[in-house]
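In terms of mature numbering (1 follows the signal peptide of the UniProt record, and there is no 0), the sequence shown is residues -27 to -1, 1 to 258. Every residue, glycine too, gets a C-beta built ideally from N, C-alpha and C. The structure presented is a predicted model; accordingly, all values stated were derived computationally and were not measured.
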Amino acid sequence: MSNPTYRRNTLALVLAAFFLLSNLVLGTSALDLRSFHDSLEARYTRAHSLGDNYQFDPRDGWQTVNASNLQYKYDDQGGDELDGRDEDEELAEDTEETEEPYYNSTLAVRADKKKATNPKKPAKSSKASKVSSKSKAKAKPKSKSAASSVTSNLGSIINSFKAVGKPEPVTITWYTGHDLENPSCWSNPTWAPTDASFACALTLEGWTTRPKCFKFLELCSTVKQCVFVRVVDSCAGCKKGSKHVDLTQAAFKQLAGLDQGLLTVNMRQATDPDGWLENLWGPKA
């Protein structure tokens, strides 16, 4: 007849081994998922390269555009820096004064126009980072090798952006402060970009062929410095009819320093990624 004490000890050992194994499996899966998220965020918050021998070709959807910083956009002295450069005179004309100085209280003008056309609740910034449900499902510990699954998923997400669309000339700046509030692509926004997001705002009126809300754009200052941004807002302070793209600071800094007055970049539209980071691009539409 079996010893009751022996049976109890054996059961206790089995249960302890089970819980230890479960914790190891769950801990490994959580670590893999965290590594996956960190790698994904690092991929889209740093400039990427198209390769040393890559050439920008309009047939691939590329366009050459002028880019400037916020000081150029709002400062009336910015035009002085453009004197004597024929290539940039057109950009200066695009931002010259209309009924009101282009640089005067643009933040207020933009906010007032948004409220008048589309009253909204105050936006709440979200710090949470999320991956798509598709990515989460693939990353769950359903197979014996969660790490290999995560690695393969990350590779496909990194390569998931594809170029689309036709080229058209635009002006690019960076924006910050109150301009980031209440992004107009949502009727009742619960999220707003921060300086660390990779998002942009487009001219509110007159740009008939502008990319639609929630579309992604790829911008390159060189073949080795490219970033992806998502259209989340409109720029009511930008001149009517101008083709203007305001970048968040984090995106602009991957292409040039914030103190740089003017630079030439290439832009084309891109498809959505397979993975998702809400703190960079906002909620999915």
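For residue i, which residues of its own chain have a beta-carbon under 7 Å away from its beta-carbon, when the five flanking residues on both sides are left out?
i, result
"D245", "F189"
"Q222", "W147, T149, D168 and L231"
"S194", "L228, A229, L236 and V238"
"P256", "W164"
"L(-17)", "none"
How far does the beta strand (DSSP E) with residue i in it reach, from first residue to last?
i, result
"A172", "A172 to T176"
"L192", "F189 to T195"
"W147", "T144 to Y148"
"F201", "Q198 to C208"
"T221", "H217 to T221"
When you compare only the Cα positions, how much space is there between residue i and residue j?
i, j, result
"E178", "W249", "30 Å"
"residue 261", "R203", "The displayed coordinates of the chain run from -27 to 258. Any statement about residue 261 would go beyond what the structure contains."
"C186", "D219", "14 Å"
"Y27", "D33", "12 Å"
"V238", "D247", "26 Å"
"W35", "F29", "6 Å"
"S8", "L153", "30 Å"
"residue 259", "A258", "The structure shown does not extend to residue 259, since the chain spans only -27 to 258, so no value can be given for it."
"residue 333", "A174", "The structure shown does not extend to residue 333, since the chain spans only -27 to 258, so no value can be given for it."
Between the options, which has its C-alpha nearest residue i's C-alpha?
i, options, result
"W180", "A209, K213 and R32", "K213"
"C199", "L(-13), Y17 and L(-17)", "Y17"
"D25", "A258, C211, V196 and F201", "V196"
"R183", "Q233, P256 and Q242", "Q242"
"P31", "M240, H151 and C173", "M240"
"H151", "A258, S8, G210 and E191", "G210"
Specify, as a first and last residue, the run of the alpha helix (DSSP H) that residue i falls within.
i, result
"L253", "E251 to W254"
Looking only at its own chain, which residues have a Cβ that is under 6 Å from the Cβ of residue i, when we skip the five neighbours before and after it?
i, result
"Q227", "A20 and V200"
"T176", "C208, C211, S215 and H217"
"L192", "V200, V238 and M240"
Got a sec? Which residues, its chain only, sit under 8 Å from residue i by beta carbon, not counting five neighbours each side?
i, result
"F171", "Y17, T18, V200, F201, V202, R203, T221, A223, A224, L253 and W254"
"L(-13)", "none"
Beta carbon of residue i: closer than 8 Å to some heavy atom of the ligand NAD?
i, result
"A15", "Of ligands this structure carries none, so the ligand NAD is not represented either."
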